[in-house]
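The listed protein sequences derive, respectively, from chains W and Z.
Take the first sequence: its letter number 279 is residue 279 in the numbering used here, and every next letter is one higher.
Take the second sequence: its letter number 35 is residue 1035 in the numbering used here, and every next letter is one higher.
The beta-carbon is built from N, C-alpha and C at its ideal position, and this holds for glycine as well.
I have placed the structure first, in the form of structure tokens, so that the comments after it can refer back to it.
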Amino acid sequence: MTPFKGYLRADGRKGIRNVVAVAYLVECAHHVARQIVQKSDDMDVHLIGFPGCYPNDYAFKVMSAVTTHPNVGGVLLISLGCESFNRERLKSAIEASGRPCEVLVIQNSGGTLSTIQKGREAVDRLKAIAATTPLVDMDVSELVIGTICGGSDGTSGITANPAVGRAFDWFGAQGAACVFEETGELVGCETIMASRAITPELGAALEACVQKAEAYYTVMGYGSFAPGNAEGGLTTQEEKSMGAYSKSGAAPICGILQPGDVPPTGGLYLLDVVPDGEPRFGFPNISDNAEIVELIACGAHVTLFTTGRGSVVGSAISPVIKVCANPDTYRKLSEDMDIDAGRIMEGRATLDAVGQEIIDSVLAAAAGQRTKSEAMGHQEFILTYKAFDPLGPACLPLKRA
Amino acid sequence: MPEALILLHPTDNVLVCRETIAPGTPVTIDGEPVIIAQPIEVGHKVARIDLHPGDKILKYGAPIGSMTKDTPRGGHVHMHNMQSDYIPSHTRNASGGAT
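Quick look at the structure:
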């Protein structure tokens, strides 16, 4: 195994990037934060933020997790001043992780232009501190890898998704943590998924996650998993969901995460993205990047994004690798696609060969190579409101020894 | 000329068609020649072995339903000879089943 170098953080975790994050804590501070990032003109200074003025425990947890992600070397918080986001508590959490953090409150900093100027100076200080982070050997087992699908079509479940599953099986066997999600697209395979749980109690919790998603999406009016959908050769509900589910590979499932939970061990995890209780804040995830942010909040160093129709997004904080399922889409959008899994449809590559390419691309990204979306400056980030109940005791395995 | 049928998982008992197959087309399944009798569209399933009523169909290495009719190796597997084993959770709840 070719070793690669990681940025060793004070909390012991290792990152594959050394990002300075500029985070707005309410939409009213978004413009100032964006100007600071744009004027910094550095691929490793990223804009993140939360638009809401009202407090939300979930948003705080995700923002804490993202700003203390191993790919982050320093954080600048941009507050308007009167929003309810607890900036002092967030600053304390970031500093407790050993990272430098500065806060600028626009209402106390002279306004827009003055805060932008102070912010640029703060970014320079944070970059200088982040640059002193030691680079050390990093093992594959220390990686956290997420996967999602977006813009799926009939090819996704035949090419890109099972190829990602092959890669997940390999990374899991190396001791890495692999995270899949989208419980709303797992309706019909919850029993199959539960049978892969390492304990019966976890199996029951996995089934409950999918039943919650089914109920939630039904209230949203998008319970679109009608049995008997025969399009594209799909015969049963469970077969249809299996196309999305095949991203998870074949390894045992060792736990359930909520957004912001870092996997305590290597192995395969389901990320439960659907809020608990009565639907309150609308759709669980309004678009693909909301899910990518949640994977990153769980520590994902890299996200494997399978697409049939052709998404072009990347992400702030952690690189996204695009695995294109459809060969026609690849020909149209090759400048955005890292992996051409559609070759499987045309008999030009096997699932195993594409799975190996995905493994190699993750290792290359971990070694510092920019993915397509990363190199083009894609740094999408969306965080909205949610509410979760605490996880049950069966959901997480014991911590790494 | 690549094979028109692909195996998604080693334990699967169906293969997936990746280009339209006309009736009478010879293909190879696990190294043995088989003539495909029915037209098969992209994304549809073909029996990898002889299948019988009650057999669990494995795709992606996972059960996706059960056979309702005998189907020979190379036969089309779809609504006419296979059914779902899935019971939606709202049906389970209404029947007082598992929660």
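Proximal chain Z residues relative to residue i, where beta-carbon distance stays under 7 Å
{"i": "P162 of chain W", "result": "L1008 and Y1060"}
{"i": "S246 of chain W", "result": "Y1060"}
{"i": "A250 of chain W", "result": "G1061"}
{"i": "E239 of chain W", "result": "K1059, I1064 and G1065"}
Extent of the continuous alpha helix (DSSP H) to which residue i belongs
{"i": "E201 of chain W", "result": "P200 to V219"}
{"i": "E1032 of chain Z", "result": "It is not in any alpha helix (DSSP H) - E1032 of chain Z instead sits in the beta strand (DSSP E) that spans E1032 to I1036."}
{"i": "Y269 of chain W", "result": "Per DSSP, Y269 of chain W belongs to no alpha helix (DSSP H); it is in the beta strand (DSSP E), G267 to L271."}
{"i": "I168 of chain W", "result": "In the sequence under discussion, the amino acid at residue 168 of chain W is Phe, which differs from the Ile named in the question. It spans A160 to A173 - the alpha helix (DSSP H) in which F168 of chain W sits, taken as one unbroken run."}
{"i": "D352 of chain W", "result": "L351 to A366"}
{"i": "E88 of chain W", "result": "R87 to A96"}
{"i": "E190 of chain W", "result": "E190 to A194"}
{"i": "G119 of chain W", "result": "T112 to A130"}
{"i": "Y330 of chain W", "result": "P327 to K332"}
Per-residue DSSP class, three states only, for residue i
{"i": "G233 of chain W", "result": "helix"}
{"i": "L257 of chain W", "result": "strand"}
{"i": "S224 of chain W", "result": "Interpretation of S224 of chain W is limited by its pLDDT of 46, a score under 50 that renders its predicted location unreliable; no figure is taken from the coordinates."}
{"i": "M63 of chain W", "result": "helix"}
{"i": "A1004 of chain Z", "result": "coil"}
{"i": "V293 of chain W", "result": "helix"}
{"i": "G310 of chain W", "result": "coil"}
{"i": "E142 of chain W", "result": "helix"}
{"i": "Y7 of chain W", "result": "strand"}
{"i": "M1082 of chain Z", "result": "strand"}
{"i": "G15 of chain W", "result": "strand"}
{"i": "I344 of chain W", "result": "helix"}
{"i": "I386 of chain W", "result": "The question names Ile, but residue 386 of chain W is Lys in the sequence shown. Coil."}
{"i": "T404 of chain W", "result": "Here chain W covers residues 1 to 401 and nothing more, so residue 404 of chain W does not appear."}
{"i": "A1047 of chain Z", "result": "strand"}
{"i": "A394 of chain W", "result": "coil"}
{"i": "A316 of chain W", "result": "coil"}
{"i": "A1022 of chain Z", "result": "coil"}
Segment limits, beta strand (DSSP E) that includes residue i
{"i": "M376 of chain W", "result": "Element bounds for M376 of chain W: n/a, residue is neither H nor E."}
{"i": "I1040 of chain Z", "result": "Where I1040 of chain Z is concerned, there is no enclosing beta strand (DSSP E), given that its DSSP letter is neither H nor E."}
{"i": "Y24 of chain W", "result": "V19 to Y24"}
{"i": "V323 of chain W", "result": "V320 to C324"}
{"i": "V136 of chain W", "result": "L135 to M138"}
{"i": "A33 of chain W", "result": "First-last for A33 of chain W: H30 to S40, but that is the alpha helix (DSSP H), not the beta strand (DSSP E)."}
{"i": "L413 of chain W", "result": "For residue 413 of chain W there is no data in the structure shown, the boundaries of chain W being 1 and 401."}
{"i": "M1067 of chain Z", "result": "A1062 to M1067"}
{"i": "G73 of chain W", "result": "V72 to S79"}
{"i": "V1016 of chain Z", "result": "V1014 to C1017"}
{"i": "T1028 of chain Z", "result": "T1025 to I1029"}
{"i": "L104 of chain W", "result": "C101 to V105"}
{"i": "K1056 of chain Z", "result": "K1056 to K1059"}
Inter-residue spacing [alpha-carbon to alpha-carbon] between residue i and residue j
{"i": "G228 of chain W", "j": "G49 of chain W", "result": "With a pLDDT of only 36 at G228 of chain W, under the threshold of 50, the placement of this residue in the model should not be trusted, and no figure is reported."}
{"i": "L104 of chain W", "j": "I148 of chain W", "result": "35 Å"}
{"i": "L113 of chain W", "j": "Q107 of chain W", "result": "12 Å"}
{"i": "Q38 of chain W", "j": "V66 of chain W", "result": "20 Å"}
{"i": "E190 of chain W", "j": "D139 of chain W", "result": "33 Å"}
{"i": "Q117 of chain W", "j": "V19 of chain W", "result": "20 Å"}
{"i": "Q379 of chain W", "j": "D42 of chain W", "result": "12 Å"}
{"i": "C1017 of chain Z", "j": "Y1060 of chain Z", "result": "14 Å"}
{"i": "A297 of chain W", "j": "E346 of chain W", "result": "37 Å"}
{"i": "K322 of chain W", "j": "G110 of chain W", "result": "43 Å"}
{"i": "A226 of chain W", "j": "A197 of chain W", "result": "Only weak support is given to the placement of A226 of chain W: the predicted model assigns it a pLDDT of 45, under 50, and the value that follows is read from those uncertain coordinates. If I take the Cα positions, the gap works out to 26 Å."}
{"i": "D153 of chain W", "j": "R309 of chain W", "result": "6 Å"}
{"i": "L1015 of chain Z", "j": "R331 of chain W", "result": "26 Å"}
{"i": "V406 of chain W", "j": "G377 of chain W", "result": "The question about residue 406 of chain W has no answer, for chain W in this structure spans 1 to 401."}
{"i": "I145 of chain W", "j": "V179 of chain W", "result": "6 Å"}
{"i": "L90 of chain W", "j": "V293 of chain W", "result": "17 Å"}
{"i": "E238 of chain W", "j": "W170 of chain W", "result": "25 Å"}
{"i": "T68 of chain W", "j": "G392 of chain W", "result": "25 Å"}
{"i": "A204 of chain W", "j": "T265 of chain W", "result": "21 Å"}
{"i": "A387 of chain W", "j": "A250 of chain W", "result": "31 Å"}
{"i": "L25 of chain W", "j": "G6 of chain W", "result": "29 Å"}
{"i": "Q1038 of chain Z", "j": "G1075 of chain Z", "result": "7 Å"}
Chain-ordered chain Z contacts of residue i [CB-CB under 8 Å]
{"i": "I158 of chain W", "result": "I1006, L1008, V1016, R1018 and G1043"}
{"i": "G184 of chain W", "result": "Here the premise fails: no neighbours, minimum Cβ distance about 13 Å."}
{"i": "L351 of chain W", "result": "I1006 and L1008"}
{"i": "T236 of chain W", "result": "I1064, G1065, M1082, Q1083, S1084, D1085 and Y1086"}
{"i": "M242 of chain W", "result": "K1059, Y1060, A1062 and I1064"}
{"i": "I192 of chain W", "result": "A1062 and P1063"}
Proximal residues of chain W, C-beta to C-beta of residue i below 8 Å
{"i": "E1003 of chain Z", "result": "G347"}
Short CB-CB distance (under 7 Å) between residue i and chain B
{"i": "R13 of chain W", "result": "The structure shown contains no chain B; its protein chains are W and Z."}
**Message:** To be precise: take each residue of the segment 1050-1084 of chain Z, compare its Cβ to all Cβ atoms of chain W, and keep it if any distance is under 9 Å. Which residues remain?
**Reply:** I1057, K1059, Y1060, G1061, A1062, P1063, I1064, G1065, V1077, H1078, M1079, M1082, Q1083 and S1084
**Chain-ordered residues of the segment 275-309 of chain W with a beta carbon less than 8 Å from chain Z** = none
**Asked** Relative to chain Z, which residues along the segment 319-343 of chain W have a C-beta separation below 8 Å, given in chain order?
**Response** none
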